[in-house]
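Structure record follows, encoded as structure tokens.
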Amino acid sequence: MKDIPEGYEGHLGVVVTEEMTVDFGELGRIHPVYATYWLARHMEEAGRKVIVPFLEEGDEGIGSAVEVKHLASALPGMRIEIIATHVRTEGPKIVCECVATSELGDLVATGATDQYVLPAAKVQAGFDQLQSRWKLYQEAKRLRRPDIFYDSENPS
1 MKDIPEGYEG HLGVVVTEEM TVDFGELGRI HPVYATYWLA RHMEEAGRKV
51 IVPFLEEGDE GIGSAVEVKH LASALPGMRI EIIATHVRTE GPKIVCECVA
101 TSELGDLVAT GATDQYVLPA AKVQAGFDQL QSRWKLYQEA KRLRRPDIFY
151 DSENPS
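Here it is as structure tokens:
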């Protein structure tokens with residue numbers, strides 16, 4: 001990965017939709033405003049925009065943390081600008097601070113993201129291993145044989 005200059009920014013503009021309002025599934029729709037969990041998604045995406053231009057062949061970025069402080073509401077139809085700013089690199093970890101502002105000028109949220117830049121093959125190998133474990137688990141469940149999946153003598 002190439003060095004990312006301190007202060008480099010990733011910008012993401014979104015228009016809040018009805019789908020982005022607070023809906024807790026089991027609990028139903030709660031508030032008709034931009035949900036904190038959508039802010040987290042958008043901050044992570046803005047952070048990703050910081051690293052993409054600096055990835056080299058064989059690199060892959062993977063998110064590991066998102067912090068969101070939701071400070072003001074935004075309604076469906078409002079445009080939100082999310083800016084992620086690179087503040088530091090700690091080995092493979094890229095840290096960005098994030099700010100979300102509405103078109104009214106309201107500070108909607110502040111936060112931060114952490115992403116790790118790793119060899120793409122290592123990231124893919126982790127996904128492949130998870131897929132294999134999942135298939136094994138599903139088969140053990142189908143056969144009603146949890147011992148196939150989990151050996152209590154040798155947990156791994």
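Residue numbers (my numbering): 1 to 156.
Idealized CB from N, CA, C, for every residue including glycine.
Between V50 and C98, the gap from beta carbon to beta carbon reaches 7 Å or more. Taking one beta carbon from each stretch, the region 126-138 and the region 64-82 have fewer than 3 pairs nearer than 8 Å; the two do not touch. When DSSP reads this structure, V66 sits in a beta bridge with T113.
The criterion of a C-beta distance shorter than 7 Å is satisfied by A84 and G47.
No Cβ-Cβ contact shorter than 7 Å links A35 with V68. Apart from the 5 residues on each side of it in sequence, E18 sits with its Cβ closer than 6 Å to the Cβ of P76 in its chain, given in chain order. One Cα belongs to F54, the other to P5, and the distance between them is close to 10 Å. Here the C-alpha atom of Y8 lies approximately 22 Å from the C-alpha atom of G58.
In this structure V87 is exposed. Its beta-carbon is surrounded by fewer than 16 other beta-carbon atoms within 10 angstroms. Residue burial annotation: S102 is buried, with at least 16 other C-beta atoms found within 10 angstroms of its C-beta. Secondary-structure assignment with DSSP links V99 through a beta bridge to I83, T110.
In the three-state reduction of the DSSP assignment, E26 falls in the coil class. In this chain, the beta strand (DSSP E) harbouring V15 covers 9-15. DSSP places M43 inside the alpha helix (DSSP H), whose first and last residues are 36-51. For E139, the enclosing alpha helix (DSSP H) stretches over residues 120-142.
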